[in-house]
Amino acid sequence: MALQDAKVRIWDVKFHRLLTELTIKGGRGVDIFPKAEFIAIESDEPVTFAYIFNGSMGSEKVYLACSYNGGVTFMGVKANEETSLFFIPSNSSIEAYVYASEDAIVKIDDLTMSIKADSYLKIDVSGAHKILSNKNVVIQVTHWPKVPAIQGLKSFGAVVPCVQTVDYTPMSD
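For the sequence shown, our numbering assigns the number -5 to the initial residue and increments by one for each residue that follows.
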């Protein structure tokens, strides 16, 4: 996803070769299915890249594998960074949260809300969202297929990235 038109190149890291080039239209996202074990993304504008299952498979045979594509995705958002987009799957069971370590004012799409220190904001509207915060925050999106109804996540527990390190820049030599 990108807020502005972005030219993107996707590389196969293992074999050092270009897999594809594409343009993402501003405010839109694209589905890609790179055939490589490890990939790298290069773009001329900021983009949000995530491995997310959107809940539709087209083949009921896959349903036999419990939790065939559920997961937990985390994303850090730097304070006052206006280029942050995130996606909540539209055809899955979802739980999404924004965590803050200090009092924060967060604007999601056109709605402004406050989050108290060491607290969270729950989001339950699927689709692509634009986020802006006056403090560093971390977004968690937990998702799993709706069909069959017995689905869930294969395991429990995940380490939430430390919100204080969202804007960390390693020292250069």
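For each residue, glycine too, the CB sits at the ideal point set by N, CA and C.
This structure is a prediction, so every number in the text was calculated from the model and none was measured.
Which of helix, strand or coil does DSSP assign to residue i?
i, result
"valine 157", "helix"
"isoleucine 26", "coil"
"lysine 19", "coil"
"glycine 151", "coil"
"glutamine 176", "In the structure as shown, the chain begins at -5 and stops at 167. Residue 176 is therefore absent and cannot be evaluated."
"threonine 42", "coil"
"alanine 0", "strand"
"methionine -5", "coil"
"tryptophan 5", "strand"
Quick one: is residue i buried, meaning 16 or more other Cβ sit within 10 Å of its Cβ, or exposed?
i, result
"isoleucine 117", "buried"
"glycine 121", "exposed"
"serine 53", "The predicted position of serine 53 is uncertain, since its pLDDT is 46 and thus under 50; a value taken from the coordinates is nonetheless stated next. Serine 53 is exposed by the Cβ-count criterion."
Which residue from the options puts its Cα closest to that of residue i?
i, options, result
"phenylalanine 68", "Lys140, Leu147, Ile144 and Val132", "Val132"
"leucine 105", "Val119, Asp112 and Asp97", "Val119"
"phenylalanine 9", "Lys124, Ala34, Met(-5) and Ile125", "Ala34"
"serine 84", "Val71, Lys140 and Val153", "Lys140"
"alanine 90", "Ile102, Thr136 and Arg3", "Thr136"
Does the CB of residue i have a neighbour CB from chain E at under 9 Å?
i, result
"glutamine 158", "In summary, chain E is missing from the structure at hand, where a single protein chain is found."
Pull up the DSSP beta-bridge partners for residue i, would you.
i, result
"leucine 13", "Note: leucine 13 sits in no beta bridge, so no partner."
"lysine 129", "Its beta-bridge partners do not exist; DSSP assigns none."
"proline 164", "For proline 164, which the question treats as bridged, DSSP gives no partner whatsoever."
Quiz item: Which parts of the region 79 to 127 are runs of the beta strand (DSSP E), unbroken and 3 residues or longer, counting only runs that do not cross its ends?
Solution: Entirely contained in the region 79 to 127, the beta strand (DSSP E) runs reaching 3 residues are, in chain order, 86 to 94, 98 to 102, 105 to 109, 113 to 117 and 121 to 127.
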